[in-house]
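Visitor: Each residue of the sequence shown is one higher than the one before, starting from 24 at the first, in the working numbering. Before I ask anything, let me first share the structure, which is written out below as structure tokens.
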Amino acid sequence: MESAIKTVVSVYLKSAKGKENLSSKDFQGLVKNQLGGILNNAESKNAVKDMQQGLDDNQDGKVSFQEYMKLIGYLANAVSKQYVADKETKPAESNDGAVTQSEAPAAAETQPAAAKEVAPAAGNGEAEKAPEEPAAENTAEEKTEEEDEAS
Numbered sequence: 024m025e026s027a028i029k030t031v032v033s034v035y036l037k038s039a040k041g042k043e044n045l046s047s048k049d050f051q052g053l054v055k056n057q058l059g060g061i062l063n064n065a066e067s068k069n070a071v072k073d074m075q076q077g078l079d080d081n082q083d084g085k086v087s088f089q090e091y092m093k094l095i096g097y098l099a100n101a102v103s104k105q106y107v108a109d110k111e112t113k114p115a116e117s118n119d120g121a122v123t124q125s126e127a128p129a130a131a132e133t134q135p136a137a138a139k140e141v142a143p144a145a146g147n148g149e150a151e152k153a154p155e156e157p158a159a160e161n162t163a164e165e166k167t168e169e170e171d172e173a174s
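Here you go:
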């Protein structure tokens with residue numbers, strides 16, 4: 024877990040190239056190079072731009088670390104839910120973390136409005152539309168407490 028957290032932070036810092044926020048170009052590169060395996064249309068500049076605009080809470084045209092972490096949280100949640108669903112419905116055939124076409128509807132339910140055009144990989148190269156994000160969000164502390172309770 025510690026290694027995963029360090030990786031998430033170092034990928035952001037490397038992509039930001041020493042700056043405080045990710046520019047549009049930096050965000051595009053991060054999504055294409057680091058998230059292409061679990062997101063459809065990761066190479067579509069328009070889709071990634073739409074996702075960036077949805078993440079950009081303060082509308083400054085950049086992605087802060089906090090805004091980036093929202094994306095990581097939603098993606099981790101989607102992959103986790105899909106992994107659990109797969110375990111319940113069939114024997115483990117592929118635990119590669121990619122969301123297949125049959126898994127996409129369940130995974131899409133957990134995505135923010137920011138990811139409407141860039142959905143978890145559906146195996147067919149088409150993005151799925153995601154529902155609107157719920158109004159209430161858990162803080163990182165609340166999520167950690169929930170994870171501890173679930174263990």
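We put the CB at the ideal spot given by N, CA and C, even for glycine.
Which residues does DSSP pair with VAL86 in a beta bridge?
Guide: Numbered from its first residue, the sequence shown carries residue 86 at position 63. According to DSSP, which records beta bridges pairwise, VAL86 is partnered with LEU45.
Visitor: What's the C-alpha gap between ASP80 and MET92?
Guide: Working through the sequence shown from its first residue, we reach residue 80 at position 57. Working through the sequence shown from its first residue, we reach residue 92 at position 69. Going by the C-alpha atoms only, they are around 12 Å apart.
Visitor: Under 7 Å Cβ to Cβ from GLN51, same chain only, skipping five residues before and after it: list those, please.
Guide: Translated into positions along the sequence shown, residue 51 becomes position 28. Excluding positions up to five away in sequence, the list reads LYS68 and VAL71.
Visitor: Could you give the residue range of the alpha helix (DSSP H) that holds ALA70?
Guide: Here residue 70 corresponds to residue number 47 of the sequence shown, with the count starting at 1. Per DSSP, ALA70 belongs to the alpha helix (DSSP H) from 68 to 78.
Visitor: Counting only the same chain and skipping the five closest in sequence on each side, list residues whose C-beta sits under 7 Å from that of GLN75.
Guide: Against the sequence shown, residue 75 aligns to sequence position 52. If we look at GLN75 and ignore the five residues flanking it on each side, its Cβ neighbours are SER47, PHE50 and VAL86.
Visitor: Which residue from GLN105, SER38 and ILE28 puts its Cα closest to that of ASN56?
Guide: Position 33 of the sequence shown, counting from 1, holds the residue named residue 56. Out of GLN105, SER38 and ILE28, SER38 has the C-alpha closest to the C-alpha of ASN56.
Visitor: Is it the case that the Cβ atoms of LEU78 and LEU94 are separated by a distance below 8 Å?
Guide: Taking the sequence shown and counting its residues from 1, the one referred to as residue 78 is at position 55. Taking the sequence shown and counting its residues from 1, the one referred to as residue 94 is at position 71. Yes, these two residues count as a Cβ contact at 8 Å.
Visitor: Taking Cβ to Cβ, would you say LEU53 is nearer than 8 Å to VAL34?
Guide: Locating residue 53 in the sequence shown gives position 30, counting from the first residue. Locating residue 34 in the sequence shown gives position 11, counting from the first residue. Yes, Cβ-Cβ distance for LEU53 and VAL34 is below 8 Å.
Visitor: Would GLU90 be called buried (16 or more neighbouring beta carbons within 10 Å of its own) or exposed?
Guide: Taking the first residue of the sequence shown as 1, we reach residue 90 at position 67. The residue in question, GLU90, is buried, as its Cβ has 16 or more Cβ neighbours within 10 Å.
Visitor: So, with DSSP's three-state summary, where would you put ALA62?
Guide: Translated into positions along the sequence shown, residue 62 becomes position 39. Reading off the sequence shown, one finds Leu at residue 62, where the question assumed Ala. Strand, per DSSP.
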